[in-house]
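A short write-up of the structure that comes next.
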């Protein structure tokens with residue numbers, strides 16, 4: 006259900022404004038993340054972890070396209086904005102890469118930690134967006150956002166598995 010962007014015509018205008026603002030934020034975040042995932046993949050030692058980052062890169066490209074569809078379903082131009090939270094998380098990831106670059110046995114565990122912080126931010130963001138879409142009866146947006154939320158949760162589980170099966174084990178040896 007598309008809604009106009011004129012707040013005075015909508016009964017849920019304030020929530021709609023927040024919803025659109027959060028969509029712009031997460032679109033900007035996903036675009037920023039593409040650069041970060043390339044760095045994480047290049048820095049990882051484990052082939053499993055490298056592949057997980059590459060897979061998430063491809064997923065993120067799809068998530069950006071999905072977000073564009075959400076904007077379209079709302080009759081709103083798909084414009085991102087700089088996400089300060091993602092910027093900070095990626096800066097922290099850069100620091101981790103630099104700090105542990107000479108300790109490959111710990112680096113992958115550190116990279117997973119940084120990546121999971123990003124995943125948790127995305128899970129929180131998409132969780133809120135799904136709720137807002139549901140409350141405003143934006144069914145198409147809700148379905149699209151829920152699909153991305155599910156992917157983010159799957160990625161978090163995968164990173165935990167890699168940490169427990171490989172990275173953390175190597176870090177303690």
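Numbering (the numbering used here), first residue to last: 6 to 178. Every residue gets a Cβ at the ideal spot worked out from N, C-alpha and C, and that includes glycine.
Close-in-space but distant-in-sequence residues of the same chain around residue i (CB under 8 Å, 5 per side omitted)
{"i": "residue 57", "result": "160, 163, 164 and 167"}
{"i": "residue 171", "result": "51, 53, 54 and 113"}
{"i": "residue 48", "result": "102, 106, 112 and 116"}
Enclosing alpha helix (DSSP H) for residue i [first to last residue]
{"i": "residue 86", "result": "Residue 86 -> no alpha helix (DSSP H), and no H or E assigned at all."}
{"i": "residue 24", "result": "18-48"}
{"i": "residue 76", "result": "52-78"}
{"i": "residue 161", "result": "144-167"}
{"i": "residue 118", "result": "109-140"}
Same chain, Cβ closer than 6 Å to residue i, five either side skipped, listed in chain order
{"i": "residue 35", "result": "65, 68 and 69"}
{"i": "residue 46", "result": "55, 58 and 59"}
{"i": "residue 123", "result": "94"}
C-beta contact flag for residue i and residue j at 9 Å
{"i": "residue 98", "j": "residue 79", "result": "no"}
{"i": "residue 24", "j": "residue 143", "result": "yes"}
{"i": "residue 158", "j": "residue 128", "result": "yes"}
Cβ neighbour criterion (16 or more within 10 Å) applied to residue i
{"i": "residue 21", "result": "buried"}
{"i": "residue 82", "result": "exposed"}
{"i": "residue 19", "result": "exposed"}
Proximal residues to residue i (C-beta, below 7 Å), its chain only, five neighbours per side dropped
{"i": "residue 152", "result": "71"}
{"i": "residue 73", "result": "83"}
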